[in-house]
Amino acid sequence: MDIRALVCRSIIVLLISFSGIAWSELVIRVTKGNDSPTKIAISPIVNVGNLPRFDISRLVENDLQRSGLFVATPREDMLSFPSMLKDVYFRDWRLLGTDYLVIGKMSSKGPNKIEIEFSLLSVASQKVIFRHKVSGSAAQLRDLGHLISDKVYNAITGIRGIFSTRVAYITAIREVDGMIYRLHVSDVDGAREKLMLRSHEPIMSPSWSPDAQKLAYVSFETGRPAIYTQNLATAAREQITNFAGLNGAPAWSPDGTTLALVLSKDGNPEIYLMDLQSKQLNRLTQHFSIDTEPTWMPDGKNLLFTSDRGGEPQIYKLNIATKAIERLTFEGNYNARGSLAPDGRTLAMVHRKTGAFHIAAFDLQTRRIRELTTTSLDESPSVAPNGAMLMYAMKQEERGMLAAVSLDAGVRYILPARSGDVREPAWSPFIR
Amino acid sequence: MYYLAGVTVSGLIHLLLVSFLLLNWQEPSKIIYFQPKYIKAELVTLSPKLPAKSVQRQQYDQLISEEKQQDRERQNRNIEERQNAENKDKKVAPESELQKKKPAELRKKERDSEEAQRKKLAEWESLLDREAQELEAREDEEVAKSYYQIIRQRLSDNWSRPPSARLGMTTKVRIILVPTGRVVGVVIESSSGDLAFDRSVEQAIRKVNQFVELQGMDDRLFELRFRQVTVLFSPEDLRL
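So the sequence lines, in the order shown, correspond to chains S and L.
For the first sequence, position 319 (counting from the first letter as 1) is numbered 318 according to numbering that gives the first Met the number 0, and the numbering increases by one without interruption.
For the second sequence, position 236 (counting from the first letter as 1) is numbered 235 according to numbering that gives the first Met the number 0, and the numbering increases by one without interruption.
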């Protein structure tokens, strides 16, 4: 009987210990999601007083939709246009399937000062996520709208909004007196285009200074390529280089003191650094093949560049201090024109594997390439300062257009069409 | 003349009334308590289900019945002995002390063994109780798992991660439910560190709003496992 009891007891103890293991698993783990655009409703911002009639809510709607991460609830579906919290009936918005709601009102604060008070509400949780005020002059209504978009985008997506940033690009239009090249700067939505330079000769490679105050570019206006910098506010220009041969591909260092550029004054295209104060040059590459298109790593200590030293254009990494060079891309027979995301990890570039040129993202850590576009002849990618999107030049019906694609390849949109060819977009850094 | 009494009385009454008015007197208001005739409620006892009799249980029952019988027999014997002893005592009152000592020792021994047996029984009893609880818990576990699966699926379907979401981010939340399956509270127990990620988690739960499938659940199980549910949101299907 003793043995029997012992056996029974041990079985029971075993059972208890086993079920004890099963018991501890009380937490539900959710590891998958269903990433779909967030549904947001922008209730028309109420205009209190005699203010310029401008549909700022529509601007915010368009901004958010263009990011691909949002779908706006159509205004005609809205049951009410609340501007204050007490007028919000969450049930109505829930029925429309809206996740978030933006309400606000615009009022006049003194001469030529407009204040917009706006709130972001979560419909599902029925609470206020934030309440903000922005103010500016009547001429700045667009800026205020983009600011609202930035705030809303940031709160929901967790990344900084780029609606207040700008883009530089070059147009080429055939006019009566021949081909006219222009350098423009506009808002990222294509509005408020500002002409920086008009020339009969080509303009190339616009590049933003890190403070977004200046542009560097290559202009052939003297008949030969030369690098210039230009202040956006004052339009003042300065010629930086005028060497024999090629002067190209300027790129500002992250601290804004140095320009990386390509010169062929010593034979074939090599990468140099130029101190913008002293104009002192520092040659970085020594190779008989073409080295071009330098891009700064965020640390300011390394450059990425394109070289055909391996027989075909590929991306290489260069340590500025040691001048050590490492080849990064091996996949595909053409990888060039790198533009690095601010995290220093994702490189957007022009990539060719078989026939067509696509924009692809190269992960510097995993060394894997993802194709982002499907059209052919895509060129000149430029990553947005928040790393979520990039702009590139593409061909549509034989015309150059600008398009934007999210780095997760979810959305693509083409910037408003204009006459002539549009090429070489350069997305500005964040504007403070 | 005979009006005098009436006039004085009425005058007094008027005086009284006027004084009441002046003093702002009010009839003390009565608070009426409504007493319900009976309280319509039932006492709910959550009696645990009786687990199926296991093999050990049967063995145990057998053992108990055997032991009980033994006990009974022993008791009978004791009684007989005692009666005999008493009879003897009556017959031969002050006999030798040896005879007296012997039954006392015997009795002590018997008592000890009985106590040991009782202890053993108690031990058995508690072990079996625990076993029964375990069995029930495991049964619950099986049912609960299917509900967990439903909850996981519904949350997954409604979870739209922000682009700032990265592999390795984890948000732990406690969802507070009512028996209809409706979400009445969401508590972030540990944040991922990314505000937008946390918000997407809460949004997913709020979007589900009600886990309709939980309505048919056993009350006891709901109270035990689903009044509060802890959920860990950590993406594994992201690129970065």
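Positions of the beta carbon are idealized from the N, C-alpha and C atoms, including for glycine.
For the candidate residues the options, whose alpha-carbon lies nearest to that of residue i?
i	options	result
L/SER191	L/ARG160, L/ASP217, L/ARG137 and L/MET168	L/MET168
S/THR228	S/SER206, S/PHE242, S/ASP210 and S/PHE219	S/SER206
S/PHE429	S/ARG159, S/PHE117, S/ALA154 and S/PHE129	S/ARG159
L/ALA195	S/LYS193, S/ASP54, S/ARG411 and S/THR37	S/THR37
S/ARG236	S/ALA137, S/ALA250, S/TYR216 and S/TRP92	S/TYR216
S/VAL421	S/ALA392, S/ASP407, S/ALA137 and S/ALA154	S/ALA392
S/LYS434	S/ASP298, S/PHE53, S/LYS112 and S/GLN285	No answer is possible for residue 434 of chain S: the residues shown for chain S start at 0 and end at 431.
S/GLU311	S/LEU302, S/ALA335 and S/GLY343	S/ALA335
S/PHE242	S/ARG223, S/LEU275, S/SER185 and S/PRO293	S/ARG223
S/HIS131	S/ASP407, S/LEU119 and S/VAL26	S/LEU119
S/LYS193	S/PRO249, S/ARG165, S/LYS394 and S/HIS183	S/HIS183
S/THR328	S/ILE319, S/THR321 and S/LEU346	S/LEU346
L/ARG71	L/GLU113, L/SER18 and L/LYS144	L/GLU113
Interface residues of chain S around residue i at Cβ under 7 Å?
i	result
L/LEU154	VAL29
L/SER190	The contacting residues do not exist; L/SER190 stays about 12 Å from chain S at best.
L/PHE225	Within chain S, no residue comes near L/PHE225; the closest Cβ sits about 11 Å away, beyond 7 Å.
L/LEU194	GLY157
Can you pull the chain L neighbours of residue i, defined as C-beta to C-beta under 7 Å?
i	result
S/THR37	SER159
S/LEU68	PRO162
S/ALA434	Outside the displayed range of chain S (0 to 431) lies residue 434 of chain S, so it cannot be described from this structure.
S/ASP98	GLN202
S/SER121	GLN202
Could you check the C-alpha separation between residue i and residue j for me, to the nearest Å?
i	j	result
S/LEU14	L/ALA121	Reliability of the predicted coordinates at S/LEU14 is poor, the pLDDT of 48 falling under 50, and no value is obtained from them.
S/ARG141	S/ALA71	19 Å
S/GLY109	S/ASN46	15 Å
L/SER125	L/LEU134	14 Å
S/TRP426	L/VAL182	44 Å
L/TRP65	L/GLN148	The displayed chain sequence assigns Glu, not Trp, to residue 65 of chain L. About 48 Å.
S/LEU260	S/GLN238	14 Å
S/ALA190	S/GLY48	27 Å
L/LEU21	L/LEU14	10 Å
S/GLU280	S/MET273	Checking the sequence shown, residue 280 of chain S turns out to be Leu, not Glu. Cα to Cα, S/LEU280 sits roughly 5 Å from S/MET273.
S/SER18	L/GLU140	Note that S/SER18 scores 44 on pLDDT, short of 50, meaning its location in the model is unreliable and no value can be drawn from it.
S/LEU283	S/VAL349	24 Å
L/GLY180	S/GLY32	21 Å
S/ASP186	S/ILE226	24 Å
S/GLY255	S/LEU214	11 Å
L/ASP197	L/ARG238	19 Å
L/SER233	L/VAL142	24 Å
L/SER199	S/SER82	25 Å
S/THR257	L/GLN209	59 Å
S/SER208	S/TRP251	6 Å
L/ARG137	L/GLU130	10 Å
S/VAL382	S/ASP362	14 Å
S/PRO51	S/SER42	18 Å
S/THR294	S/ALA234	25 Å
L/GLN116	L/ASN77	17 Å
S/ALA211	S/LEU414	21 Å
S/SER306	S/GLY343	20 Å
S/ASP407	L/ASP217	45 Å
S/TYR88	L/PHE221	32 Å
Starting from residue i, find everything on chain S with Cβ-Cβ shorter than 9 Å and list it in chain order.
i	result
L/VAL230	VAL26, ILE27, ARG28 and VAL29
Counting only Cβ pairs nearer than 8 Å, list the residues of chain C close to residue i.
i	result
S/SER124	Reference to chain C is not applicable here, since the protein chains of this structure are S and L.
Name the chain S residues that come within less than 8 Å of residue i, Cβ to Cβ?
i	result
L/PRO178	By Cβ distance, chain S contributes nothing, its closest Cβ being about 18 Å from L/PRO178, past 8 Å.
L/ASP236	THR30, LYS31 and GLY32
L/SER233	ARG28, VAL29 and THR30
L/ILE150	ILE27
Could you work out which residues of chain L lie near residue i, taking near to mean beta carbons separated by less than 9 Å?
i	result
S/ASP149	Near S/ASP149 there are no residues of chain L at all, since even the closest Cβ is about 14 Å away, more than 9 Å.
Output, in chain order, the set of chain L residues within a Cβ distance shorter than 8 Å of residue i.
i	result
S/ASP62	The premise fails here: S/ASP62 is roughly 16 Å from chain L at the closest Cβ pair, so nothing lies under 8 Å.
S/ASP407	PRO162 and ARG238
Confirm the yes/no value for this check: CB of residue i, any heavy atom of the ligand GTP, distance under 8 Å.
i	result
S/VAL382	The model on display carries no ligand, and the ligand GTP is accordingly not part of it.
**OP:** List in chain order: all unbroken beta strand (DSSP E) runs of 3+ residues lying wholly within the segment 139-186 of chain S.
**Re:** 165-174 and 177-186
Subject >> Complete alpha helix (DSSP H) runs within the segment 59-105 of chain S (minimum length 4 residues, chain order) >> reply: 89-94
Subject >> Ranges of the beta strand (DSSP E) found wholly within the segment 337-396 of chain S, counting only runs of at least 3 >> reply: 345-351, 356-362, 368-370, 378-382 and 388-395
Subject >> Touch test, the segment 146-164 of chain S against the segment 99-116 of chain S, Cβ-Cβ under 8 Å, three pairs minimum >> reply: yes
Subject >> Stretch pair the segment 72-91 of chain S + the segment 161-175 of chain S: three plus CB contacts closer than 8 Å >> reply: no
**OP:** Could you tell me whether the segment 144-158 of chain L touches the segment 370-381 of chain S, where touching means 3 or more Cβ pairs closer than 8 Å?
**Re:** no
Original post:
For the 8 Å Cβ check, are there 3 or more pairs between the segment 397-405 of chain S and the segment 5-19 of chain L?
Top reply: no
Subject >> the segment 333-347 of chain S / the segment 299-319 of chain S touching (three or more Cβ pairs under 8 Å) >> reply: By the C-beta criterion, the segment 333-347 of chain S is judged to be in contact with the segment 299-319 of chain S, since at least 3 inter-stretch pairs fall below 8 Å.
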